[in-house]
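Protein sequences, first through last, are from chains A and B.
Each residue of the first sequence is one higher than the one before, starting from 142 at the first, in our numbering.
Each residue of the second sequence is one higher than the one before, starting from 1106 at the first, in our numbering.
C-beta atoms are modelled at their ideal positions from N, C-alpha and C, and glycine is treated no differently.
Nothing here was measured: the structure is a model prediction, and the numbers come from that model.
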Amino acid sequence: MFNLSNLVQKAQSLIDPTQALNISSSDRNPAKSTLFRHQFRLPDTQNPLQEITAELTISPPVAYTPNVTQGEKERDRARGYHYVGKLHLSEAYLCFSTQPTSFLQSASTGTSSLFTGQTHGAGPGGNGFTLPLCAVRRVERLHSQNYQFALSITTWNGISNPPAQDSKTPILQQKITIQLAGTRQACERFCDGLKKGLKSGVGEVGKLKRVVSECYSEHLLSSDGKKSDPPDAGLGMLFKYPGDARKLRDRSKMRLWAEYLRDNGRNVTLIRQPTFHKLIRVGLPNRLRGEVWELTSGSLFLRLERPTLYQDTLAKFDGRDSLAIDEIEKDLNRSLPEYPGFQSPEGIGRLRRVLTAYSWIDEEVGYCQAMNIVVAALLIYMSESQAFFLLSALCDRLLPGYYSTTMYGTLLDQRVFESLVEKTMPILWEHLVKSDVQLSVVSLPWFLSLYINSMPLVFAFRVLDVFFLEGPKVLFQVGLAILRINGEELLDATDDGAFISVLKSYFSKLDESAHPKSENPKLRAVTRFQELMVVAFKEFSGITQSTISEQRLKYKDGVLNNIESFAKRTSIRNLGPDSKRLSVDELGALYDRFYGILYERQQRSQILQEETERLAKASRSQAAEVINGLSNNQIIEKGRVGLGPSPSLMDYDGFREFLASMTKWAITDSPTSPEKEYLSDREKHSYFGNSIRRREALSPWGSGPEPADHEFMQRLFRRWDVDMNSALTLQNVVTGLAHIKGKGDIMGSITYFFELYDDDGDGKVDREGILRISEALLFLSRRGLEGTLGLPATPMTAVSEQNHGNIDQLDPLQATTNERFLSSISAFIRRCFEYADPDHPQNQDEAQGTGNGGDDAEDLLELNSPRDDVAPRGKKPTGLDSVPSAISELDPEEQHRKVSKAQSEAANAALDPSKPLHITLPTFRMVVLADELLEQFFESSFPLSFRILEQSTPVISPSPLTTFSSLSFNRSPVSAVMGGAGGTGSVGLLPPGKGLRGVLDNIVTDGMRVAAEVRRRMEEAQKEMEKNALHRPEEDEEDEDGYDPRSAGGYDAERRSVRSEDRDLLEGADAEAGSIRATDGKALPVTPVSPAGTGLEAEPKKDRSVSALTQKVVEFER
Amino acid sequence: MAEAAAPRPSSSVKLVLLGEAAVGKSSLVLRFVNNDFQENKEPTIGAAFLTQKCNLPTRTIKFEIWDTAGQERFASLAPMYYRNAQSALVVYDLTKPTSLVKAKHWVAELQRQASPGIVIALVGNKLDLTNEAGDSTNTSGEDGDADAAEGDDGDARKISTAEAKEYAEEEGLLFFETSAKLGTNVTEVFTAIANAIPETSLKGTRGPGSTQANASRSEDQSRVSLTGPRDNASKEGCAC
Ligand SMILES: Nc1nc2c(ncn2[C@@H]2O[C@H](COP(=O)(O)OP(=O)(O)O)[C@@H](O)[C@H]2O)c(=O)[nH]1
Ligand SMILES: [Mg+2]
């Protein structure tokens, strides 16, 4: 069944980069794309297409003069900075990095993830650029002898502020020269790719213009004279930025940045040189902070991709309500309340809009407390739209799983942090353990709200500056540094309280001198915060992104298991009073089974979908996250409870699968895919054959047995679906089962069954319902019965002994019991009609005549004892030998039809559609209790048939439990028949048997036919009613249209007759099945899905038994 | 609260507050710690930590209070806070039936997962929204009608005292109905908890001695419950 560890292993193998290499069947290694995107902070749409070693030369912007000579170009090249690295091309980006990373198929994972290691403060992007191709204005090939293959790239730097034509100021253009180092061929190939990308980038220039115009740098660098209103650089523009601008040396920082941006390009065209990293380390100036965050985190590229997403989302969901919105509303007033902007409607309004918009685009996260604080902080420095995309980058990449509904990312990183503390500060760790202080209680808020809530704002923002550039490892480095610096004092703290107060007081003194008593004025000038940064990034420089990834992988399982067992515990406890009827073990097993099936179904559909997508060449590579150790796309793990929102609703198909995993009867008799696909096969990916037909034939049922589809199951589903949403929750399932299994009293069980068939809840089950009940009883018992039904079957002993020698794999007692149960059902139908109440009082007389009256109790008592009156009929199938000869003379169908017509016309009120009747619960109860086997069925065998705790025995071959090998049932080549019938897509064709099918199987099938036959005849009678008696001859003709018994020999005629009938039934069943599918299970039809279809088998021998049994029907009609 | 008298032995007790959002956990703590009631302005991530002393005739108890906060999704963080707690306040809002259901879940969770022998108090808060508010409290002159707008007769109570009390008795919990707003019964809850903590399980200062038993997982503890608590007790006894 649901094997979690197995799945985990599978998931792990995808996460582990080295293993991922092995199992990747696609031509491109998906993990590499992810690594590529992470290094350059690119959107998920980008893939590494080409790469080439190159040398980058950055010259200061030159005044544009149209007629420069080659020599002048050369001179430009000679000046400036040179960097050797790799040039990468994706669909829409040209990236350069001094990190020698490679994302070629042939590259080792190590070279693909180089940047996750030690980056020496250069950030994952290294020195270089991430240039959207739409920001490239022109690319020239430089011809020179010295430089084999060099490109000069002119960008759209400053596109939003083109100097006026008549401006005196020289037009400054950003030019980059790149010399490609590779074979001529490789260089040409790269250039071809680049050309293609440039072409498609042309259309995006408009977007680019719009996006960069919201960047403050454009305003900062715009040519003097025409300064327009600055773009929105956050609430700080309205409410002041936090901190003392003088103390922060904001002006000089701004000057330095202006200079840097002038030389190296701004926003999308910015080139990262060492100064860039240094400028970030000393803290960003207020007005540029938002823009640089946007750039370093890569959220700028998200915004470039869909510039209007924020506004569109707000507009689209305007006025809508959600749980997330309620929760957001509660927190608006307590998000950085100390900042004046958030005491004003303006600030609160911005916060509300960003959080709300995000909750709509990421419904899996929705809203999580702490997001309010983080977004509030962002909004001080950036516009709403910028904050919206940055939040998206945070949730998807930088803080994966932090804000999910299970917060597994948060818990995981706490575990990782603890392990790092243990490793780097063993003495402190030991002390923590000894004093029983749990580190997470202090460190969790650090991570969850990015220190914003813990440190004074100005310092928290300095941490964020580095965090967006260098990634999550920064949070760990800072956390470790805090503990290291306060180590001495923490060693004195012995409880949570003391521990917390040490840190609280530390945070409040971050602006004080770290060495107040030092002689050295320079040392004295060093603040505690500066000290913190130094310790974090120097002393803990060994903590790299790959350290974090490794640790995350190591603890992931444990953390997820904890969350899952907590969720399971909680969920089971929350199941309400009904659940008390089941044992804790049963509830646990149900929980596993329920979510196991949902999970597997999701995996299956996903794998199928994947495969289709892959074939459609639309596969965006779904990769494991080597970067952060968490599966970002969650392709494999989606649905794992611990990871967050997992499916919690079971549709009808899932329900069928659920039942099939638990009960024998819910397993189909005729699997549609003869070769079952086992999990192991799937793991080997062997079923992803090349043939499309094979894929289509892929079983939608996975490794479990294929479920049947019977009207009874539909009724059960509807009954359990108390919320009427065509889907079951775990609660529904538990309540449903609790009522069947947990009652333990037969009356309850009988009532339950009755109510299942009392569609309108009026306490009456009509003729149709009675038939359906008997069909259900046959369906449920067709694989034998559970429990104690093996009575000392006195009347049957003779038969079973007589057949003993012929019995193959059969418990004779069981067999006979089952046979007897069949006759019990026959008797049940008979009695139901016998004791039914007429719907209309005017029918009373006739009803009385059939035995319904004050004395029916006596009748029942009487019926109870003379069992032999019932049993011999049950024996008939085994004693069939005589029957065929008897019938062969005359077509049995014909025979009985004649009889039945006559009968129904004559006296049988029970089958007279003009005289509707019904049974009430008391009648039903009496009828059940009148039969010992039925009584036992309701008392034990039905409840027992739901085996919650054990796995249902896998039915490898779907043959029935009992098999007589040498009864005179001489079966025709089944496969041939099957082939024909199978084409109709019937729901429940019997599968090819191995040799002889079991007698019981036949009996059951026959029993179903009995019911079908009864119905058929009722319908016929109905037709007759509707038509005038005058039309009778016509009708006879109609009948003969179907078959002509006289024209063919007995055998064939017999066979054909049944088959033509079957076809009708099949058509009926098909129509029903169609309607179920069409309505998506929402309105399961109450109209008959003829269960005869379930047992349908176009076989002559069968037909004989049908006739034999129909005779019985005839009998009780008399 | 008054400074503890010097000679009285003092020991600290870890207390955790659990319950559905907005039942008034933070307000109860605020009332207990500052004797104040106000809209909660404190943004809490995970849980807020506060301390308050409670003077008993023979000793002083220093409560280390973890006020868990937040949304449903923070529930999976709860074990971090109730771990090793000697006492818990499970709060529901007696005008909101679902909150009692949630409270019961927390009780069950604590009984199964927290330290064995944890003292649990079930607290129905917002008593001021009911009719009886005036009768049962001496501390307040105002009647809760300002907030009691919900019910026609001013009674917004949805959970009867009897119902909750019966449940509390079944589960062996302390039981109180309180109003953080008016201060009704708030100190009483904490005092009752202080009194209910067995003398033997009190620790003077938390130190290495007390850790050994507690550091191991609570599940293990319950499994070896024959020896666990007794060990604990003897050590603690010495420390006091
Ligand atoms: N009327 C009334 N309101 C209360 C009482 N206690 C808390 N509240 C209000 O209930 C809301 C939630 O309170 P809070 O302490 O934040 O609940 P928490 O989420 O459980 O911490 C706030 O609006 C409080 O003002 C009380 O005793 N009476
Ligand atoms: Mg609170």
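Straight-line gap, A1213 (chain B) to T449 (chain A) (C-alpha atoms, nearest Å): Their backbone Cα atoms lie some 49 Å apart in a straight line.
N1230 (chain B) CB to nearest heavy atom of ligand 1 below 7 Å: Yes, the Cβ of N1230 (chain B) comes within 7 Å of a heavy atom of ligand 1.
Backbone CA spacing between L912 (chain A) and R734 (chain A) [nearest angstrom]: One C-alpha to the other measures close to 33 Å.
S867 (chain A) Cβ short of 7 Å to ligand 2 heavy atom set: Flag unset: Cβ of S867 (chain A) not near ligand 2.
C356 (chain A) - DSSP class collapsed to helix/strand/coil: In the three-state reduction of the DSSP assignment, C356 (chain A) falls in the coil class, being assigned neither a helical nor a strand state.
Whole-angstrom distance between A291 (chain A) and R556 (chain A), CA atom to CA atom: Each residue's alpha carbon lies about 50 Å from the other.
First and last residue of the uninterrupted alpha helix (DSSP H) at H418 (chain A): That run of the alpha helix (DSSP H) goes P415 to R422.
Length of the line joining the Cα atoms of R1113 (chain B) and K419 (chain A): In a straight line, the C-alpha of R1113 (chain B) is about 58 Å away from that of K419 (chain A).
Own chain, CB closer than 7 Å to Q618 (chain A), minus 5 neighbours either side, in chain order: For Q618 (chain A), where only same-chain residues beyond five positions count, the Cβ hits under 7 Å are A677, F678, F681 and I684.
Cutoff 8 Å: C973 (chain A) Cβ touching any chain B Cβ: Not one chain B Cβ lies under 8 Å of C973 (chain A).
8 Å Cβ cutoff, P586 (chain A) in contact with chain B: Proximity of P586 (chain A) to chain B, defined by a Cβ-Cβ separation below 8 Å, is satisfied.
Rounded C-alpha distance that separates A322 (chain A) from C236 (chain A): A direct Cα-to-Cα measurement between A322 (chain A) and C236 (chain A) gives close to 16 Å.
Expected contact under 8 Å - CB spacing of F1281 (chain B) and E1271 (chain B) to nearest Å: Distance from F1281 (chain B) to E1271 (chain B) at the Cβ level is roughly 15 Å; contact not present, criterion being Cβ atoms closer than 8 Å.
Pick from A:I199, A:A465, A:G342 and A:G612 that is closest to L230 (chain A), judged by C-alpha positions: Ranked by how close their Cα comes to the Cα of L230 (chain A), the residues A:I199, A:A465, A:G342 and A:G612 have A:G342 in first place.
Pairwise C-alpha distance: R413 (chain A) and L402 (chain A): Cα-Cα distance, rounded: 10 Å.
Listed by chain order, chain A residues near N1189 (chain B) by CB distance under 9 Å: Against chain A, the beta carbon of N1189 (chain B) has neighbours under 9 Å at D577 and Q579, listed in chain order.
Local Cβ density within 10 Å of I568 (chain A), reported as buried at 16 or more and exposed below that: The residue is exposed, with fewer than 16 neighbouring Cβ atoms inside 10 Å.
Residue from B:P1184, B:Q1191 and B:D1233 whose Cα sits closest to the Cα of W1211 (chain B): Comparing Cα-Cα distances from W1211 (chain B) to each of B:P1184, B:Q1191 and B:D1233, the minimum goes to B:P1184.
Any C-beta of chain A under 8 Å from that of A1219 (chain B): It does not: the Cβ of A1219 (chain B) has no partner Cβ on chain A nearer than 8 Å.
Exposure label - G347 (chain A); buried when at least 16 CB within 10 Å: G347 (chain A) sits exposed, since fewer than 16 C-beta atoms from the chains shown fall within 10 Å of its C-beta.
Ligand 2 heavy atom lying under 7 Å from the CB of S524 (chain A): No, the beta carbon of S524 (chain A) sits no closer than 7 Å to any heavy atom of ligand 2.
Contacts that V582 (chain A) makes with chain B (C-beta to C-beta distance below 8 Å): Ordered by position in chain B, the residues that pass the 8 Å Cβ test against V582 (chain A) are G1151, A1152, F1154, W1171, M1185 and Y1186.
Three-pair Cβ contact test at 8 Å for the stretch 540-556 of chain A versus the stretch 1166-1183 of chain B: These segments touch.
Short CB-CB distance (under 8 Å) between S1116 (chain B) and chain A: No, S1116 (chain B) does not count as interfacial toward chain A.
Contact set between M512 (chain A) and chain B, taken where Cβ atoms lie within less than 9 Å: What M512 (chain A) touches in chain B: nothing, since even the nearest Cβ is about 11 Å away.
Entirely enclosed alpha helix (DSSP H) segments - the stretch 1263-1304 of chain B, minimum 4 residues: Counting only runs of 4 or more, we get 1266-1276 and 1291-1301.
Backbone CA spacing between R603 (chain A) and L621 (chain A) [nearest angstrom]: Roughly 16 Å separates the two Cα atoms.
Own chain residues within Cβ distance below 6 Å of V1196 (chain B), not counting five before or after: If we look at V1196 (chain B) and ignore the five residues flanking it on each side, its Cβ neighbours are G1124, V1128, K1130, V1228 and N1230.
Rounded straight-line distance, which links the Cα of L800 (chain A) to that of W806 (chain A): Each residue's alpha carbon lies about 8 Å from the other.
Same chain, Cβ closer than 8 Å to S890 (chain A), neighbours up to 5 away in sequence not counted: Take S890 (chain A), set aside five residues on each side of it, and the residues of its chain with a beta-carbon closer than 8 Å to its own are I881, K884, F1079, E1080, F1083 and P1084, in chain order.
Cβ separation of F1154 (chain B) and D637 (chain A), assumed to be a contact under 8 Å, to the nearest whole Å: Going by Cβ atoms, the distance from F1154 (chain B) to D637 (chain A) rounds to 6 Å, so yes, they are a contact pair.
Exposed unless 16 or more other CB atoms sit within 10 angstroms - verdict on T753 (chain A): Taking every protein chain shown into account, the CB of T753 (chain A) has fewer than 16 other CB atoms within 10 angstroms, so this residue is exposed.
Option nearest S595 (chain A) by Cα separation, candidates A:K658, A:E660, A:L531 and A:L477: Nearest option by C-alpha distance: A:L477.
As assigned by DSSP and simplified to three states, the class of Y1197 (chain B): DSSP places Y1197 (chain B) in strand when its eight states are reduced to three.
Within chain A, partners of G1175 (chain B) - CB distance below 8 Å: Per Cβ cutoff of 8 Å: Q510.
From A:R282, A:I294, A:L283 and A:T260, residue whose alpha carbon lies closest to that of C275 (chain A): Of the candidates A:R282, A:I294, A:L283 and A:T260, the one whose C-alpha sits nearest the C-alpha of C275 (chain A) is A:I294.
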